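Q: Protein chains in written order, with UniProt numbering: chain R, 1 to 414; chain Z, 1 to 511. Ideal Cβ placement from N, Cα and C applies to all residues, glycine included. As the structure is a computational prediction, the values presented were derived from the model and not from experiment. Could you have a look at this structure, given as structure tokens, before my questions?
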């Protein structure tokens with residue numbers, strides 16, 4: 001390829017070729033495709049439902065109804081990035097919900113302690129599966145397929161084959177409830193009254209986002225890296241702020257912020273940081289991208305794999321508590337096929353089957369896409385078989401798009 | 001006029017950036033055994049892949065005449081249809097299937113769409129008889145040894161009505177007895193009128209069996225020798241294989257050699273797959289600060305295995321021996337320990353073992369020493385960018401930026417990323433396995449310059465290479481490895497290709 005002659009290749013201390021200018025408006029279709037698709041789907045159902053989709057109560061419903069899937073998809077994306085899969089999360093949701101119910105309802109354990117024990121139980125379940133996968137070397141598909149049966153059986157045993165409820169108020173509030181209106185309401189002109197506290201939280205969130213983005217940009221400039229030109233940067237911030245503001249205003253007009261939204265926001269933020277910035281997160285990408293290279297780079301592959309399954313167990317326990325609290329009962333069929341929704345969310349959100357690729361925000365967006373399709377289609381009265389059909393097509397289309405862009409990129413001239 | 005079953009004329013095959021074959025001619029006489037000799041990378045396997053249709057017509061230049069007819073093979077089935085069968089060094093058998101099933105794989109003995117098992121097994125038994133393998137045809141392949149598997153491959157070729165049988169390093173993995181049996185079998189096939197082409201590094205074997213020899217070097221055909229003249233010797237073949245004029249392809253370098261950096265003592269490694277087989281036997285090596293040491297050896301000599309076993313026991317089982325770093329004994333039982341002890345190993349297969357091809361340059365550079373860029377588990381990605389960009393500049397990695405995906409870089413630039421990754425671990429002993437494999441001449445020169453600069457910075461460097469001129473041009477001292485044993489050590493001033501080649505082939509005849 002290079003036709004350099006030996007004379008002019010004496011490696012210069014400061015190579016002079018300037019870093020390529022990013023053109024700013026050229027959009028990386030593979031990375032941002034998912035968000036564009038999400039926007040289009042929201043737009044489509046807003047039109048089809050005459051705006052009912054974006055009504056305050058409906059937005060709240062979408063978030064609350066899908067919260068457990070979204071939480072599961074966060075754990076699932078880490079596992080898929082590492083090149084594994086977890087088929088057991090639905091059963092783990094059921095068994096952890098059952099453990100929480102038995103502790104609180106049958107044994108009267110105080111709810112904070114009961115939640116803690118449940119989370120630890122989730123972690124132990126994850127450790128069990130992580131051991132077989134990472135240290136014993138059985139494919140995750142098999143181990144978690146077995147887990148799917150094992151933990152469903154355990155659920156039925158713990159529950160004695162019947163639903164257990166009701167839960168203490170605190171747990172129900174976490175799953176179903178809303179933040180209190182600490183500062184009362186405020187008039188928003190034609191939009192009517194809205195909760196001041198929620199609005200303030202929203203404004204603080206926007207300010208925080210803008211500030212961290214600005215500081216990141218400033219730091220990069222300090223290192224003389226290429227960044228988005230200022231107008232593009234501002235446009236992105238304004239767009240993101242507008243979306244957040246819209247959602248928060250709508251929620252404030254309805255009741256307040258759902259507690260699960262607060263939890264979800266914290267999880268998304270925390271896990272995005274973990275995957276982007278933490279050494280542990282980087283290891284996951286390295287393992288999924290090239291296992292052999294990771295081994296030869298001294299990465300403790302087994303330990304990383306073990307811990308992402310422990311993590312999945314804990315997140316499944318959180319989802320289990322929320323799901324049970326929302327129904328106010330832990331039932332034997334809880335969490336059925338949740339694993340499929342979580343896996344679909346991860347793949348719609350841009351994960352690759354071979355591993356090494358994926359983002360937490362992408363997986364959550366993938367989950368929201370399915371949530372919006374569910375919600376929107378039920379609003380226009382589609383039968384459930386048609387909803388399933390559409391979700392299947394969307395999943396296939398999302399992965400086909402990913403494969404297609406990858407193939408195009410591979411054949412493109414270098 | 002000679003009766004040639006095969007004539008290849010003016011074969012040129014180009015890979016991106018590399019000319020693997022250039023105007024190669026090959027003639028094979030009917031009913032003879034023809035050997036093709038050449039160093040690793042001389043183009044022998046590529047030539048055979050062109051012949052057998054692995055590289056289809058149109059992907060190369062030149063003409064192939066088989067039985068006097070011009071052939072244009074679109075794939076391997078086309079060439080097999082004409083009776084050309086190639087047996088690769090890595091056997092292409094399904095280990096879980098029976099001998100008979102393997103023999104007729106893709107060539108099933110069927111009647112009306114259903115396999116006739118009686119005919120299959122009966123014909124398999126007959127073929128096994130012809131190759132002198134006394135096994136039941138229903139035996140599973142994984143239950144028989146490598147030598148017998150090789151015979152099954154030949155039986156499989158016979159089932160396809162083979163007329164020209166090509167064997168790529170057929171005895172590389174065989175013991176003496178199996179090798180002798182195989183060579184006898186080839187003579188038997190020759191008497192039945194089947195022409196054989198054999199690629200082998202074992203010159204004594206070539207001398208014993210071949211009727212004629214073609215020598216390839218650097219992708220060109222050098223000469224053809226007729227064994228019937230009785231004048232051909234092993235030395236004569238060696239000088240044909242290596243006798244290229246040394247061009248000025250290496251940057252000048254004045255070594256500044258210091259104290260001992262790494263000493264490997266009585267190092268013995270056993271194969272993880274073949275129980276009891278020693279891959280490296282009782283090896284002793286010393287690397288000094290500022291010194292570039294070469295490790296020469298033929299394919300299968302155990303070079304990579306030696307290096308990887310030293311690098312945190314990433315290859316092999318039942319490893320014995322001692323490591324000394326700066327005179328003190330060290331333990332390097334895991335890759336992490338090896339890295340912590342300042343040892344780095346840059347793999348020969350950068351795509352499979354070296355790089356995360358779907359990630360960008362900076363994340364690959366930081367992969368083996370990420371903790372250097374992190375505080376309390378959090379990575380400073382601005383520092384990561386700065387470090388990677390420094391390497392990009394100092395090593396002249398040609399890419400739009402350090403956020404470029406490594407899978408899209410050329411081989412030379414990928415290699416530089418691998419080197420940057422290991423230099424960033426602060427290693428002071430670097431083992432570079434085939435550092436210039438598959439990269440073009442200009443980039444090779446740059447890699448050599450980088451290696452020289454590393455030595456000047458006081459690092460001890462071990463270069464493993466199949467290209468003898470590279471070792472001669474780059475190294476201050478060269479070890480030769482043959483069948484897992486260190487068979488020689490040559491100073492730069494005394495090193496010649498012939499001498500190293502002799503060490504590299506030493507002991508092969510006995511084993």
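May I ask which residues mark the beginning and end of the beta strand (DSSP E) holding residue 224 (chain Z)?
A: Taking the second chain and counting its residues from 1, the one referred to as residue 224 (chain Z) is at position 224. Per DSSP, residue 224 (chain Z) belongs to the beta strand (DSSP E) from 220 to 226.
Q: Give every residue of the same chain whose Cβ lies closer than 6 Å to the Cβ of residue 13 (chain R), excluding the five residues on either side of it in the sequence, and list them in chain order.
A: If you number the first chain from 1, residue 13 (chain R) lands on position 13. Its pLDDT being 36, under 50, residue 13 (chain R) is placed unreliably in this model, and the value from its coordinates should be taken loosely. Taken in chain order, the list of residues that qualify is empty.
Q: What residues from the region 352 to 366 of chain R come within 7 Å of chain Z, judged by C-beta to C-beta, listed N to C?
A: Against chain Z - using a Cβ distance shorter than 7 Å - the residues of the region 352 to 366 of chain R are 356 and 357.
Q: Whose CA, out of R:68, R:79 and R:122, lies closest to the CA of residue 353 (chain R)?
A: Position 353 of the first chain holds residue 353 (chain R). Per the Cα distances, R:79.
Q: Which runs of the alpha helix (DSSP H) spanning at least 4 residues fall entirely within the region 139 to 166 of chain Z, listed in chain order?
A: Runs of the alpha helix (DSSP H) inside the region 139 to 166 of chain Z: 146 to 159.
Q: Assuming residue 142 (chain R) contacts residue 313 (chain R) under a Cβ cut-off of 8 Å, what Cβ separation, rounded to an integer in Å, is found between them?
A: Your numbering for residue 142 (chain R) matches position 142 in the first chain. Your numbering for residue 313 (chain R) matches position 313 in the first chain. No, residue 142 (chain R) and residue 313 (chain R) are not in contact; Cβ-Cβ is about 17 Å, not under 8 Å.
Q: If we count the other Cβ atoms within 10 Å of its Cβ and call it buried at 16 or more, is residue 328 (chain Z) buried or exposed?
A: Here residue 328 (chain Z) is taken as the residue at index 328 of the second chain, counted from 1. Residue 328 (chain Z) comes out exposed.
Q: Can you list, in chain order, the residues of its chain with a C-beta nearer than 7 Å to that of residue 54 (chain Z)? Leave out the 5 residues immediately preceding and following it.
A: Residue numbering aside, residue 54 (chain Z) sits at position 54 when the second chain is read from its first letter. Counting only Cβ-Cβ distances below 7 Å, and skipping sequence neighbours, we find 76.
Q: Which value, in whole angstroms, describes the spacing of the CA atoms of residue 361 (chain Z) and residue 138 (chain Z)?
A: To locate residue 361 (chain Z), count along the second chain from 1; it is residue 361. To locate residue 138 (chain Z), count along the second chain from 1; it is residue 138. Their Cα atoms are separated by approximately 52 Å.
Q: For residue 305 (chain R) and residue 370 (chain Z), I'd like the C-alpha separation in whole angstroms.
A: Along the first chain, one-based indexing puts residue 305 (chain R) at 305. Along the second chain, one-based indexing puts residue 370 (chain Z) at 370. For residue 305 (chain R) and residue 370 (chain Z), the distance between alpha carbons rounds to 18 Å.
Q: Is the Cβ of residue 359 (chain Z) closer than 8 Å to any Cβ of chain R?
A: Residue mapping note: residue 359 (chain Z) aligns to position 359 of the second chain, counting from 1. Chain R, which has a Cβ nearer than 8 Å to the Cβ of residue 359 (chain Z), makes this yes.
Q: Helix, strand or coil: which one does DSSP assign to residue 276 (chain Z)?
A: Here residue 276 (chain Z) corresponds to residue number 276 of the second chain, with the count starting at 1. Three-state DSSP puts residue 276 (chain Z) in coil, outside helix and strand.
Q: Closest to residue 37 (chain Z) by C-alpha separation, out of Z:46, Z:490 and Z:115, would be which residue?
A: Locating residue 37 (chain Z) in the second chain gives position 37, counting from the first residue. Closest by alpha carbon: Z:46.
Q: So, under 8 Å CB-CB, residue 434 (chain Z) and residue 464 (chain Z) are touching, yes? Tell me the CB distance rounded to an integer number of Å.
A: Taking the second chain and counting its residues from 1, one reaches residue 434 (chain Z) at position 434. Taking the second chain and counting its residues from 1, one reaches residue 464 (chain Z) at position 464. About 6 Å; that satisfies the 8 Å criterion.
Q: Which parts of the region 257 to 284 of chain R are runs of the alpha helix (DSSP H), unbroken and 4 residues or longer, counting only runs that do not cross its ends?
A: Within the region 257 to 284 of chain R, the complete alpha helix (DSSP H) runs of at least 4 residues are 259 to 277.
Q: Which ranges does the beta strand (DSSP E) cover as unbroken runs of at least 3 residues, wholly within the region 243 to 324 of chain Z, from first to last along the chain?
A: Counting whole runs of 3 or more residues, the region 243 to 324 of chain Z contains the beta strand (DSSP E) stretches 260 to 270, 278 to 288 and 292 to 297.
Q: For the region 94 to 103 of chain R against the region 285 to 300 of chain R, do three or more pairs of beta-carbon atoms, one drawn from each stretch, fall closer than 8 Å, so that the two count as touching?
A: Contact between the region 94 to 103 of chain R and the region 285 to 300 of chain R is absent, because fewer than three Cβ pairs lie under 8 Å.
Q: Anyone know if the C-beta pair for residue 213 (chain Z) and residue 227 (chain Z) falls short of 8 Å?
A: As a first step, residue 213 (chain Z) must be located in the second chain, where it is residue number 213. As a first step, residue 227 (chain Z) must be located in the second chain, where it is residue number 227. Yes. Within cutoff.
Q: Beta carbons nearer than 9 Å to chain Z: which residues of the region 155 to 187 of chain R have them?
A: Cβ contacts with chain Z come from no residue of the region 155 to 187 of chain R.
Q: Apply the 10 Å Cβ neighbour rule to residue 136 (chain R) and answer buried if 16 or more other Cβ atoms are within range, or exposed otherwise.
A: Residue mapping note: residue 136 (chain R) aligns to position 136 of the first chain, counting from 1. Result: exposed.
Q: Could you check the C-alpha separation between residue 499 (chain Z) and residue 468 (chain Z) for me, to the nearest Å?
A: In the second chain, residue 499 (chain Z) corresponds to position 499, counting from 1. In the second chain, residue 468 (chain Z) corresponds to position 468, counting from 1. Near 11 Å, if we compare the C-alpha coordinates of residue 468 (chain Z) and residue 499 (chain Z).
Q: Listed from N- to C-terminal order along the chain, which residues in the region 323 to 343 of chain Z have their beta-carbon within a distance smaller than 7 Å of any beta-carbon of chain R?
A: Correct list: 335, 336 and 339.
Q: Alpha helix (DSSP H) containing residue 81 (chain Z): first to last residue?
A: For the purposes of this step, residue 81 (chain Z) is identified with residue 81 of the second chain, where counting begins at 1. First-last of the alpha helix (DSSP H) with residue 81 (chain Z): 76 to 81.
Q: Quick test of the definition: if touching needs 3 or more C-beta pairs under 8 Å, does the region 270 to 286 of chain Z touch the region 64 to 71 of chain Z?
A: Verdict: no, contact absent.
Q: Output the distance between the C-alpha atoms of residue 332 (chain R) and residue 420 (chain Z), rounded to the nearest integer angstrom.
A: Looking up residue 332 (chain R) in the first chain gives position 332. Looking up residue 420 (chain Z) in the second chain gives position 420. Distance between the alpha carbons of residue 332 (chain R) and residue 420 (chain Z) is about 55 Å.
Q: Would you report the Cα separation of residue 25 (chain R) and residue 213 (chain R), rounded to the nearest angstrom?
A: Locating residue 25 (chain R) in the first chain gives position 25, where the first residue counts as 1. Locating residue 213 (chain R) in the first chain gives position 213, where the first residue counts as 1. The pLDDT assigned to residue 25 (chain R) is 41, lower than 50, so where the model puts this residue is not dependable, and the model offers no usable value.
Q: Could you say which of Z:65, Z:66 and Z:50 lies nearest to residue 59 (chain Z) if we only look at CA atoms?
A: Here residue 59 (chain Z) refers to the residue found at position 59 when the second chain is read from its first residue. Looking at the Cα atoms, Z:50 is the closest of the given residues.
Q: For the pair the region 158 to 176 of chain Z and the region 200 to 208 of chain Z, tell me if three or more CB-CB distances fall below 8 Å.
A: Yes, the region 158 to 176 of chain Z touches the region 200 to 208 of chain Z.
Q: Please confirm whether residue 480 (chain Z) and residue 445 (chain Z) have their CB atoms less than 8 Å apart.
A: Indexing the second chain from 1 puts residue 480 (chain Z) at position 480. Indexing the second chain from 1 puts residue 445 (chain Z) at position 445. Cβ atoms of residue 480 (chain Z) and residue 445 (chain Z): not closer than 8 Å.
Q: How would you call residue 231 (chain R), buried or exposed, if buried means at least 16 neighbouring beta carbons within 10 angstroms?
A: As a working mapping, residue 231 (chain R) is identified with position 231 in the first chain. So residue 231 (chain R) ends up on the exposed side.
Q: Who pairs with residue 197 (chain Z) in a beta bridge, going by DSSP?
A: Here residue 197 (chain Z) refers to the residue found at position 197 when the second chain is read from its first residue. Beta-bridge pairing links residue 197 (chain Z) to Z:34 and Z:166.
Q: Can residue 371 (chain R) and residue 66 (chain R) be called in contact, C-beta distance under 8 Å?
A: If you number the first chain from 1, residue 371 (chain R) lands on position 371. If you number the first chain from 1, residue 66 (chain R) lands on position 66. Yes; because the gap between Cβ atoms is below 8 Å, this pair is in contact.
Q: Using a Cβ-Cβ distance under 8 Å, would residue 347 (chain Z) count as near chain R?
A: As a first step, residue 347 (chain Z) is located in the second chain; it is residue number 347 there, counting from the start. Yes, residue 347 (chain Z) counts as interfacial toward chain R.
Q: Spatial neighbours of residue 182 (chain R) within its chain, please: CB distance less than 7 Å, with the 5 preceding and 5 following residues excluded, ordered by chain position.
A: Counted from its first residue, the first chain places residue 182 (chain R) at position 182. Here the set comprises 197.
Q: Give a yes or no on contact between the region 276 to 288 of chain Z and the region 339 to 353 of chain Z, applying the rule of three or more CB pairs nearer than 8 Å.
A: Not touching, per the Cβ criterion.
Q: Can you name the start and end residues of the alpha helix (DSSP H) that residue 143 (chain R) belongs to?
A: The sequence position of residue 143 (chain R) within the first chain is 143, counting from 1. 140 to 159 is the extent of the alpha helix (DSSP H) around residue 143 (chain R).
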